[in-house]
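Below you'll find the structure, written out as structure tokens, and then a few comments.
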Ligand code: SF4
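Numbering (this note's numbering), first residue to last: 239 to 476.
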């Protein structure tokens, strides 16, 4: 698969972040120093590609890798291609956060990194649409739903070959991504708006982008999901 790389500068939005983190005059100077250090090194990145999709019975094959998932089975019905991707805030911010012992500084750097991840997520989504001439696209993300669990990261990373490694992204044995502020998924074409959140029962999730829908759960042929043990790896809003 031919891989496409995205790498951006990210200057951040000082006022928005300071407001969200409730920065007051007691800590403003320290926060500004950390913010400026982040801006200096930030280099969020992403990689994506296009690959073939086919289906047999309940199984979906993406670039020849087999997925047994109702969510993929329904969303990829009738499609012949899909667009796997990974995005990351970048190793530079991750290493900077790890190098500090101060939990407050680390929290600030992580918050900046999240915003950087969102920015590169927007850019990758646009690049996927422009590169392949697509209209509406939606994303499915390993780990967002029990039906498409975290171990599906492995085949997704395999499909992307050297791409994740080339942008400093690694997968741990427990299928988490390092840097932590990273995202992964598969874009697919669809006239309908799809969000993992509609099938996810997690209460009070600050990242929820669509109400939970019993109707959708039934339409996808899923078991009524349990909130317990859920670990969301949904891509950031983009
Ligand atoms: S963002 Fe929240 S509501 Fe949406 S899939 Fe993830 S955990 Fe569920």
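Heads up, the beta-carbon is just placed ideally off N, CA and C, and yes, glycines get one too.
Segment limits, beta strand (DSSP E) that includes residue i
i: residue 276; result: Note, residue 276: premise wrong, no beta strand (DSSP E); alpha helix (DSSP H) at 266 to 279.
i: residue 297; result: 297 to 300
i: residue 323; result: 319 to 326
i: residue 241; result: 241 to 245
i: residue 179; result: Past the boundaries of the shown model lies residue 179; the chain is included only from 239 to 476, so the question cannot be answered.
i: residue 427; result: 420 to 427
Distance CB(residue i)-CB(residue j) smaller than 8 Å
i: residue 241; j: residue 399; result: yes
i: residue 321; j: residue 425; result: yes
i: residue 415; j: residue 437; result: no
i: residue 334; j: residue 397; result: no
i: residue 286; j: residue 360; result: no
i: residue 344; j: residue 338; result: yes
Check: residue i C-beta below 7 Å from any heavy atom of the ligand GDP
i: residue 281; result: You won't find the ligand GDP in this model; what it holds is the ligand SF4.
Candidates the options, of which the one nearest residue i by Cα
i: residue 325; options: 284, 246 and 303; result: 284
i: residue 423; options: 244, 334 and 388; result: 388
i: residue 420; options: 450, 349, 269 and 429; result: 349
i: residue 282; options: 347, 247, 293 and 455; result: 247
i: residue 331; options: 290, 275, 311 and 366; result: 275
i: residue 323; options: 288, 351 and 293; result: 288
i: residue 434; options: 272, 308 and 251; result: 308
i: residue 393; options: 260, 299, 292 and 269; result: 299
Endpoints, the alpha helix (DSSP H) within which residue i is located
i: residue 370; result: 341 to 370
i: residue 457; result: 452 to 457
Residue burial classification, residue i (beta-carbon count within 10 angstroms, cutoff 16)
i: residue 445; result: exposed
i: residue 456; result: exposed
i: residue 459; result: exposed
i: residue 243; result: exposed
i: residue 342; result: exposed
i: residue 382; result: buried
i: residue 377; result: buried
Specify whether the stretch 439 to 454 and the stretch 352 to 359 touch according to this definition: at least 3 beta carbon pairs, one from each stretch, less than 8 Å apart. no
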